[in-house]
């Protein structure tokens, strides 16, 4: 079994960077100053990830407030709405209000920051492009334009993401699709059954490794629909309430490539090396062909110091697993 480690989603902003971004949005700082600080952050961040021997990374997403803010940057026909709670967390995002037919914003900051990340990333790291999946996009938006036509909304969004991925393809090594709504109770099974066609449109002509990331829930009654999606790596959160389900996950993941979120990104309690080792060893015994280990969800739910300690633990666990 191949084994790797990854950072999924975001990394906590420093206080200094957060202040500069706020001042820029208030018109008190030039954009060049923000770019300069993000450039400094990326160099330090990628150096840290290299130190912890992480294999897959994002750019840390510090230039965005959250994944919805990131998504807003490459869309036309939308505006920012009110604050919504991000699942059962003390964290809020501004949902996207869809005012007219979705269109691709060709000149966008997403590509600009991916280009910067590509310049700064260490050669030992594989850089992932972070994307909000079409299913979760519909649930994290307020649909004013596509009344009764959710399928059209999802397809338009998928085509736009495809354009974005093609325009930025030279800057990333893999795609990280976030679908936190896939295993949520409120999502109809028929919508999950049809999701495959949107993923095909989204990835048409994209010849990079594709990871799908879910968190907070696992539902085995829709797992077949999950495994039908045209991706390479299937992600699961195996922390908190999902821990008892991991035995079933081993069995259904035989001969597959999976991502297990073993570092609890919602809890400051440090994860145990012994637990991570046991999960990896059991995965190997059950026939999983490739296992990537990392954080369960976005890292800005806990302090940076704790995030660093957790990735140090992951580094030690990986070394012990590889050394037998």
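Residue numbers (our numbering): 1351 to 1674. The beta-carbon is built from N, C-alpha and C at its ideal position, and this holds for glycine as well. These numbers come from a predicted model, not from an experiment.
Looking at the backbone, the Cα of residue 1665 and that of residue 1402 are separated by about 6 Å. Residue pairing from DSSP places residue 1360 in a beta bridge opposite 1410. Here the alpha carbons of residue 1574 and residue 1568 stand approximately 12 Å from one another. Setting aside the 5 residues that flank it on each side, residue 1460 is surrounded in the same chain by 1420, 1423, 1424, 1514 and 1518, each with a C-beta closer than 8 Å to its C-beta; the list follows chain order.
The beta carbon of residue 1647 sits closer than 6 Å to those of 1565 and 1615, all from its chain and outside the five residues before and after it, given in chain order. For residue 1668, the uninterrupted alpha helix (DSSP H) run begins and ends at 1654-1672, by DSSP. The residues 1361 and 1410, in chain order, have a CB closer than 7 Å to that of residue 1395 in the same chain once the five nearest residues on each side in sequence are set aside. Taking 4 residues as the shortest admissible run, the region 1526-1572 contains the following complete alpha helix (DSSP H) segments, listed from N- to C-terminal end: 1539-1543 and 1545-1552. Residue 1643 is bridged by DSSP to 1355 and 1610. Residue burial annotation: residue 1355 is buried, with at least 16 other C-beta atoms found within 10 angstroms of its C-beta. For residue 1424, there is no enclosing alpha helix (DSSP H), since its DSSP letter is neither H nor E. Nearest to residue 1552 by C-alpha distance, out of 1526, 1571 and 1466, is 1526. For residue 1579, the CB contacts under 7 Å within the same chain, skipping 5 residues up- and downstream, are 1545, 1546, 1549 and 1562 in chain order. Residue environment for residue 1487: buried (at least 16 other C-beta atoms within 10 angstroms of its C-beta). Collapsing the DSSP output to three states places residue 1586 in a strand. The Cβ neighbour count for residue 1629, taken over all protein chains shown within 10 Å, is at least 16; the residue is labelled buried. In this structure, the CA atom of residue 1600 is about 33 Å from the CA atom of residue 1472. Non-local C-beta neighbours of residue 1605 in its own chain, meaning closer than 7 Å and more than five positions away in sequence, comprise 1637 and 1639, ordered along the chain.
Comparing alpha-carbon positions, the option among 1427, 1416 and 1369 lying closest to residue 1506 turns out to be 1427.
Secondary structure note for residue 1631: its alpha helix (DSSP H) is the uninterrupted segment 1623-1635. If you look at residue 1486, you'll find it in the alpha helix (DSSP H) that goes 1484-1489. In chain order, 1415, 1416, 1417, 1418, 1419, 1433, 1434, 1436 and 1490 place their CB closer than 8 Å to the CB of residue 1443, counting only its own chain and leaving out the 5 sequence neighbours on each side. Comparing C-alpha distances from residue 1500 to each of 1485, 1511 and 1510 shows the shortest one belongs to 1485.
Taking every protein chain shown into account, the CB of residue 1644 has 16 or more other CB atoms within 10 angstroms, so this residue is buried. If you compare the alpha carbons of 1366, 1397 and 1467 with that of residue 1383, the shortest gap goes to 1366. Straight through space, the alpha carbons of residue 1587 and residue 1595 are spaced by roughly 10 Å. Residue state for residue 1449 is assigned as strand, using DSSP reduced to three classes.
DSSP lists 1434 as the beta-bridge partner residues of residue 1443. Taken atom to atom, the span from the alpha-carbon of residue 1412 to that of residue 1481 is near 15 Å.
Within the region 1367-1403, the alpha helix (DSSP H) runs of at least 4 residues that lie entirely inside it are, in chain order, 1381-1401. Per the coordinates, the alpha-carbon of residue 1618 lies some 11 Å from the alpha-carbon of residue 1649. No residue range can be given for residue 1475, since it is assigned to no alpha helix (DSSP H) and is classified by DSSP as neither H nor E. Residue 1492 sits in a strand when the DSSP states are folded into three classes.
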